[in-house]
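K.L.:
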Amino acid sequence: MTDTSILFQPFTSPKLTLKNRVVMPPMTRNMSPDGVPGAANAEYYRRRAEGQVGLILSEGTVVDRPTSRNLPHIPLFHGDAALAGWKGVIDAVHDAGGKMGPQIWHTGGTSADPSYERGALDTPSGLNKPGEPVGAPMSEEDIADTVHAFARAARDAQALGFDTVEIHGAHGYLIDQFFWDGSNRREDRWGGATIGERSRFAAEVVAAIRAEVGADYPVILRLSQWKQQDYAARLASTPAEMEQWLAPLAAAGVDIFHCSQRRFWEPEFPEVDGEDGLNFAGWAKKITGLPTISVGSVGLSGDFFGAFQGKASEAAGLEKLVARMEKGEFDLIAVGRALLSDANWAAKVAGSDAGRIEDFDPAALATLD
């Protein structure tokens with residue numbers, strides 16, 4: 006049996022201390038009527054805290070822009086009613102001994118439920134992806150208001166008592182659309198030929214958040230190479246390009262990078278360090294010197310894209326994960342679908358009770374159990 010004790014060692018950084026290395030990543034539930042999380046949402050997160058998750062990151066919750074969400078029941082992170090709902094969530098998690106941060110989000114030009122009417126979409130260049138126009142490019146005023154909206158959301162998270170805040174900069178949503186040359190064709194200071202230049206918008210968001218929350222509040226940024234618009238997309242094809250991408254974000258005030266990939270064990274640059282080389286989170290840690298969270302099909306036999314096609318996954322071994330964490334490749338590991346089907350996943354693994362872990366059932370995507 007694999008010794009998983011390394012997953013349950015405390016994590017300590019200058020701004021964030023956790024009882025273990027297990028993170029629940031954001032997973033869109035679209036189950037907050039009128040954008041307001043209620044008792045069912047609070048209990049959903051409480052159960053994961055009771056199940057010994059070290060850090061819970063909420064589902065994506067949107068900032069105060071007119072078309073910041075693309076589904077009607079995605080939670081808001083603005084307005085008195087929604088913020089009161091989130092206060093209930095963080096109080097429930099704290100009562101269970103957990104720690105939590107909201108993921109603050111803007112869905113940009115991504116597609117929506119056809120029945121959900123939206124107005125003018127925020128995008129860098131009026132594109133969702135190459136060849137898919139969705140409106141006009143954001144104006145300077147739009148950009149400034151969006152940066153301020155992220156900063157206000159982070160300030161509210163801090164005021165409500167959340168332990169950290171995560172910015173969603175991945176998966177083809179608004180911030181990622183500024184990173185990606187396929188959707189950012191701007192010729193002003195918000196665009197550019199290099200990933201370093203196209204990082205300006207994200208860096209401005211991070212800097213504005215840092216100014217609001219102060220020097221000591223931990224800020225996490227989630228990033229990905231792949232997009233929902235193009236699973237094969239890459240923002241950084243070499244370690245040098247990754248440094249151009251991440252360095253300005255670290256300088257702006259990111260404390261932890263949350264590095265999303267489909268399978269955590271896959272090397273990011275195998276041409277540099279081989280098929281057993283560092284993954285995305287490993288390279289981000291090496292380049293910036295900052296702590297990182299890895300994620301991607303942890304503890305399951307199939308990757309997460311299969312879940313959206315109705316495919317189940319069986320519980321799988323953790324040997325690869327333990328080996329990489331023992332090498333110090335990354336600091337924290339996010340466990341997604343396994344925690345949807347089994348709120349006690351972490352407690353069972355910690356107690357050497359992995360044989361009783363529940364398989365992932367796609368039906369879990371439709372519930373708040």
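Each residue of the sequence shown is one higher than the one before, counting from 6 in our numbering. Just so you know, even glycine gets a beta-carbon here, dropped at the ideal spot from N, CA and C.
Can you tell me which residues form a DSSP beta bridge with His173?
P.N.:
The residue given as residue 173 occupies position 168 in the sequence shown. DSSP, once it has assigned bridges, lists Arg227 as partnering His173.
K.L.:
Please name the residue, chosen from Glu122, Gly43, Asp364, that lies closest to Gly90 on a Cα-to-Cα basis.
P.N.:
One-based indexing of the sequence shown puts residue 90 at position 85. Nearest option by C-alpha distance: Gly43.
K.L.:
Quick one: using the 10 Å Cβ neighbour count with 16 as the cut-off for buried, is Arg361 buried or exposed?
P.N.:
To locate residue 361, count along the sequence shown from 1; it is residue 356. So Arg361 ends up on the exposed side.
K.L.:
Using three-state DSSP, classify Glu122 as helix, strand or coil.
P.N.:
Locating residue 122 in the sequence shown gives position 117, counting from the first residue. Here Glu122 sits in coil by DSSP.
K.L.:
Excluding five sequence neighbours on each side, which residues of the same chain lie with their C-beta closer than 7 Å to the C-beta of Leu140?
P.N.:
The residue given as residue 140 occupies position 135 in the sequence shown. According to the sequence shown, residue 140 is Gly rather than Leu. So the list reads Ala125, Leu126, Thr128, Gly131, once near-sequence residues are dropped.
K.L.:
Rounded to the nearest angstrom, what separates Ser18 and Gln163 at their Cα positions?
P.N.:
Numbered from 1 along the sequence shown, position 13 holds the residue referred to as residue 18. Numbered from 1 along the sequence shown, position 158 holds the residue referred to as residue 163. The alpha-carbon atoms of Ser18 and Gln163 are separated by roughly 18 Å.
K.L.:
Quick one: residues in its chain with C-beta nearer than 6 Å to the C-beta of His83, no 5 flanking neighbours on either side, listed in chain order?
P.N.:
As a working note, residue 83 is residue 78 in the sequence shown. Excluding residues within five positions, the ones whose Cβ falls inside 6 Å are Asp69.
K.L.:
What residue range does the beta strand (DSSP E) around Thr66 cover?
P.N.:
To locate residue 66, count along the sequence shown from 1; it is residue 61. Start and end: 60-67.
K.L.:
The beta strand (DSSP E) that contains Ile109, what's its start and end?
P.N.:
On the sequence shown, residue 109 is found 104 positions in, with the first residue counted as 1. Its beta strand (DSSP E) spans residues 105-110.
K.L.:
Per DSSP, what kind of secondary structure is Asn133 in: helix, strand or coil?
P.N.:
Here residue 133 refers to the residue found at position 128 of the sequence shown. DSSP places Asn133 in strand when its eight states are reduced to three.
K.L.:
Buried or exposed: where does Asp379 fall if 16 or more other Cβ atoms within 10 Å of its Cβ makes it buried?
P.N.:
Residue 379 cannot be examined here, being either before or after the span of the chain that is shown, 6 to 374.
K.L.:
Got a sec? Which residues, its chain only, sit under 8 Å from Ala312 by beta carbon, not counting five neighbours each side?
P.N.:
Counting from 1 along the sequence shown, the entry for residue 312 is found at position 307. At Ala312 the pLDDT is 39, less than 50, meaning the model places this residue with poor confidence and gives no usable figure here.
K.L.:
Rounding to the nearest angstrom, what Cα-Cα distance links Gln249 and Met105 in this structure?
P.N.:
Taking the sequence shown and counting its residues from 1, the one referred to as residue 249 is at position 244. Taking the sequence shown and counting its residues from 1, the one referred to as residue 105 is at position 100. If you take the alpha carbons of Gln249 and Met105, they lie about 30 Å apart.
K.L.:
In whole angstroms, give me the CA-to-CA distance for Ile11 and Glu55.
P.N.:
Against the sequence shown, residue 11 aligns to sequence position 6. Against the sequence shown, residue 55 aligns to sequence position 50. Cα to Cα, the separation comes out at about 20 Å.
K.L.:
Is the Cβ-Cβ distance between Ala156 and Val210 less than 9 Å?
P.N.:
As a working mapping, residue 156 is identified with position 151 in the sequence shown. As a working mapping, residue 210 is identified with position 205 in the sequence shown. A contact, by the Cβ cut-off of 9 Å.
K.L.:
So the candidates are Ile214, Lys24, Leu165, Gly187; which of them puts its Cα closest to the Cα of Ala86?
P.N.:
Within the sequence shown, the letter at position 81 stands for residue 86. It is Leu165 whose Cα lies nearest to the Cα of Ala86.
K.L.:
Rounded to a whole number of angstroms, what is the C-alpha to C-alpha distance between Thr199 and Asp336?
P.N.:
Position 194 of the sequence shown, counted from the first residue, corresponds to residue 199. Position 331 of the sequence shown, counted from the first residue, corresponds to residue 336. Approximately 29 Å between the Cα atoms of the pair.
K.L.:
In three-state terms, what does DSSP make of Leu323?
P.N.:
As a working mapping, residue 323 is identified with position 318 in the sequence shown. Three-state DSSP puts Leu323 in coil, outside helix and strand.
K.L.:
Quick check on His99: does DSSP put it in helix, strand or coil?
P.N.:
One-based indexing of the sequence shown puts residue 99 at position 94. In the structure shown, His99 sits in a helix (DSSP, three-state: H, G or I).
K.L.:
Looking at Ile298: is its Cβ nearer than 9 Å to the Cβ of Ile180?
P.N.:
Position 293 of the sequence shown holds residue 298. Position 175 of the sequence shown holds residue 180. No. Outside cutoff.
K.L.:
Within the same chain, show all residues whose beta-carbon is closer than 6 Å to that of Arg74, passing over the 5 residues directly before and after it, in chain order.
P.N.:
Start at 1 with the first residue of the sequence shown, and residue 74 comes out as number 69. Excluding residues within five positions, the ones whose Cβ falls inside 6 Å are Val67, Thr112.
K.L.:
Quick check on the DSSP output: the alpha helix (DSSP H) that includes Ser346 runs from which residue to which?
P.N.:
As a working note, residue 346 is residue 341 in the sequence shown. Segment 342-346, the alpha helix (DSSP H) holding Ser346.
K.L.:
Using a Cβ-Cβ cut-off of 7 Å (strictly less than) and excluding sequence neighbours within five positions of Lys134, which residues of its own chain qualify?
P.N.:
Working through the sequence shown from its first residue, we reach residue 134 at position 129. If we look at Lys134 and ignore the five residues flanking it on each side, its Cβ neighbours are Gly187, Ser188, Gln234, Asp235.
K.L.:
Rounding to the nearest angstrom, what Cα-Cα distance links Leu228 and Thr33 in this structure?
P.N.:
As a working note, residue 228 is residue 223 in the sequence shown. As a working note, residue 33 is residue 28 in the sequence shown. About 16 Å.
K.L.:
Take Tyr49 and list the residues in its own chain whose beta-carbon comes closer than 7 Å to its own, dropping the five residues that flank it on each side.
P.N.:
As a working mapping, residue 49 is identified with position 44 in the sequence shown. Leu373.
K.L.:
Looking at the structure shown, is Phe285 part of a helix, part of a strand, or coil, going by DSSP?
P.N.:
Looking up residue 285 in the sequence shown gives position 280. Helix, per DSSP.
K.L.:
What alpha helix (DSSP H) runs, 4 residues minimum, are completely inside the stretch 184-271?
P.N.:
Listed in chain order, they are 200-203, 205-218, 244-257.
K.L.:
Indicate the three-state DSSP secondary structure (helix, strand or coil) for Val41 in the structure shown.
P.N.:
The sequence position of residue 41 within the sequence shown is 36, counting from 1. Coil, per DSSP.
K.L.:
Taking only the alpha-carbon atoms, compute the straight-line gap between Ala149 and Pro253 and give it to the nearest angstrom.
P.N.:
Residue numbering aside, residue 149 sits at position 144 when the sequence shown is read from its first letter. Residue numbering aside, residue 253 sits at position 248 when the sequence shown is read from its first letter. So the two alpha carbons sit approximately 19 Å from each other.
K.L.:
In its own chain, which residues sit with a C-beta less than 6 Å from the C-beta of Ala257, not counting the 5 before and 5 after it?
P.N.:
The residue you call residue 257 lines up with position 252 of the sequence shown. Excluding residues within five positions, the ones whose Cβ falls inside 6 Å are Ala208, Val211, Ala212.
K.L.:
In angstroms, rounded to a whole number, what distance separates the CA positions of Ala355 and Met29?
P.N.:
By 1-based counting over the sequence shown, the position of residue 355 is 350. By 1-based counting over the sequence shown, the position of residue 29 is 24. Taking the straight line joining both Cα atoms gives about 15 Å.
K.L.:
If you follow the alpha helix (DSSP H) that Thr151 is part of, which residue opens it and which one closes it?
P.N.:
One-based indexing of the sequence shown puts residue 151 at position 146. Taken as a continuous stretch (DSSP letters only), the alpha helix (DSSP H) holding Thr151 covers 145-165.
K.L.:
Return the first residue and the last residue of the beta strand (DSSP E) that Val27 is part of.
P.N.:
Stepping through the sequence shown from its first residue, residue 27 is reached at position 22. Unbroken beta strand (DSSP E) run through Val27: 27-29.
K.L.:
Considering only DSSP beta bridges, list what Ile338 is partnered with.
P.N.:
Reading the sequence shown from its first residue, position 333 is the one you call residue 338. In DSSP, Ile338 forms a bridge with Val27, Ser299.
K.L.:
When DSSP builds the beta bridges, which residues end up paired with Pro138?
P.N.:
What you label residue 138 is simply residue 133 of the sequence shown in a count that begins at 1. BP columns for Pro138 point to Leu132.
K.L.:
Verify whether the separation of the beta carbon atoms of Ala97 and Arg51 is less than 9 Å.
P.N.:
Stepping through the sequence shown from its first residue, residue 97 is reached at position 92. Stepping through the sequence shown from its first residue, residue 51 is reached at position 46. Against a cut-off of 9 Å, the Cβ pair of Arg51 and Ala97 comes out as a contact.
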